[in-house]
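Report on the following structure.
Residue numbers (the UniProt record's numbering): 1 to 300.
Rendered as C-alpha cells:
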C-alpha cells in the first residue's frame with residue numbers, strides 16, 4: 001500500500017505552469033543583463049544556450065538537490081518513483097532533467113546530420129538511388145515523430161493523469177500529494193474527455209498532414225515531368241513556352257518571384273505555403289527555413 005496519494009492532473013498542470021513562469025522570469029532577467037553588458041548581437045548568438053542553461057540550472061538547484069521546485073511547493077507535490085514510497089534516485093532525476101533540456105535539441109541535430117550525410121552519394125557508394133530515397137523518407141518520418149510523440153504524450157496525460165512531460169514518462173517519475181487535505185480521486189473525468197478530444201484532433205491533424213504531403217509530392221512529380229518535356233523541346237528548337245517563367249509548384253506564371261537559398265525560384269505564396277508543412281526545397285530537398293526566402297523585386 002502506497003504511503004502517499006498520487007497527484008491529480010490539475011495540480012500537476014498548475015505546478016508546471018508555475019515553474020515555467022519562474023523560468024521565464026529568470027530568462028528575461030538574464031537577457032536584460034547580457035544585452036546591457038554585451039549588446040543585442042551577442043544576445044542573439046547565445047540566446048539558445050542561455051535558455052537551455054536557465055532551465056537546467058533551475059531544475060538542478062531544486063529537483064536534483066532533493067528539493068521541490070517552486071511550482072511543486074506551491075501546490076504541495078513531490079516527485080517519487082513508481083512505488084510511490086521513495087524519491088527517485090539522483091541518476092533518474094538527472095536523466096529526466098537532461099532529457100527534458102537537451103533531448104529534443106540533440107535528437108533534432110543527430111537526425112539532421114544523418115540526413116545530410118546520407119544525401120552525399122560518396123558516403124555509401126554501393127547504395128542504390130531508390131534505396132537511398134527510402135532511407136531518407138524513413139529519416140524524415142523519424143524527424144517528424146518528435147512533434148507527434150510529444151503531442152501523443154500530452155494526450156495520454158489528459159486521459160490517464162500521469163507523466164505530463166515525456167522525460168518523466170521515460171524516467172518513470174510520478175507525483176504525489178504531500179498533504180492530507182488534498183486526498184481526492186486520482187483522476188478527473190473531465191480530463192479524460194479533454195484527452196479524447198485531443199486524440200481526435202491529433203488523428204485529424206495527422207490525416208491532413210498526410211494528404212497535404214501526398215498532394216505536394218504529386219505536384220513536384222508533375223512539375224519535374226513537365227520540366228523534362230520543356231527541356232527536350234528546347235533542345236529540338238520547338239519550345240517557345242519553355243522561356244516563360246513558371247513556378248514549379250503551381251505551374252503557372254510566377255507571381256512575386258521568390259528565391260530559396262539553393263537558388264530555385266517559385267511564387268512567393270506557393271513556396272511559403274509549401275514550407276508550412278516541410279522545411280525543404282521542393283526541387284532539390286535542401287533544408288530551407290521560411291525566414292531565408294528572398295523576394296526578388298522587379299524581377300522579370
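Glycine residues also receive a C-beta, built at the ideal position from the N, C-alpha and C atoms.
This structure is a prediction, so every number in the text was calculated from the model and none was measured.
Assess, as a yes-or-no matter, whether the region 129–140 is touched by the region 33–41 under the definition of 3 or more beta carbon pairs within less than 8 angstroms. no
Every unbroken beta strand (DSSP E) inside the region 38–116 [3 residues or more]: 77–80
Residues near residue 12 by beta carbon distance below 6 angstroms, same chain, minus five either side: 164, 175
Apart from the five residues on each side of it in sequence, which residues of its chain come closer than 8 angstroms, Cβ to Cβ, to residue 297? The answer is none, since no qualifying residue turns up.
Report back the beta-carbon spacing between residue 74 and residue 15 to the nearest angstrom; my notes put them in contact at under 8 angstroms. Rounded to the nearest angstrom, the Cβ distance from residue 74 to residue 15 is 6 angstroms, consistent with a contact under 8 angstroms.
For residue 270, report the span of its alpha helix (DSSP H) as first-last. 268–275
So the alpha helix (DSSP H) residue 177 belongs to, where does it begin and stop? Not the alpha helix (DSSP H): residue 177 falls in the beta strand (DSSP E), residues 174–177.
What does the alpha-carbon distance come out to for the pair residue 292 and residue 108? One C-alpha to the other measures close to 19 angstroms.
Boundaries (first-last residue) of the beta strand (DSSP E) holding residue 131: Run containing residue 131: none in the beta strand (DSSP E); it sits in the alpha helix (DSSP H), 129–160.
Residue closest to residue 212, alpha-carbon to alpha-carbon, out of 160, 278, 247: Residue 212 has its Cα closest to that of 278, out of 160, 278, 247.
Using a 10 Å radius around the Cβ and a threshold of 16 neighbouring Cβ atoms, would you call residue 215 buried or exposed? Only exposed fits residue 215, as fewer than 16 other CB atoms lie within 10 angstroms of its CB.
One or two residues paired with residue 295 in a DSSP bridge: For residue 295, which the question treats as bridged, DSSP gives the partners 258.
Can you list, in chain order, the residues of its chain whose CB lies under 8 angstroms from that of residue 288, leaving out five sequence neighbours each side? 260, 261, 262, 275, 279, 280, 281
Assuming residue 270 and residue 284 are in contact, meaning their beta carbons sit under 8 angstroms apart, how far apart are those beta carbons, in whole angstroms? Contact between residue 270 and residue 284 is absent: CB atoms are separated by about 16 angstroms, not below the 8 angstroms threshold.
Roughly how many angstroms separate the alpha carbons of residue 295 and residue 265, rounded to a whole number? 10 angstroms
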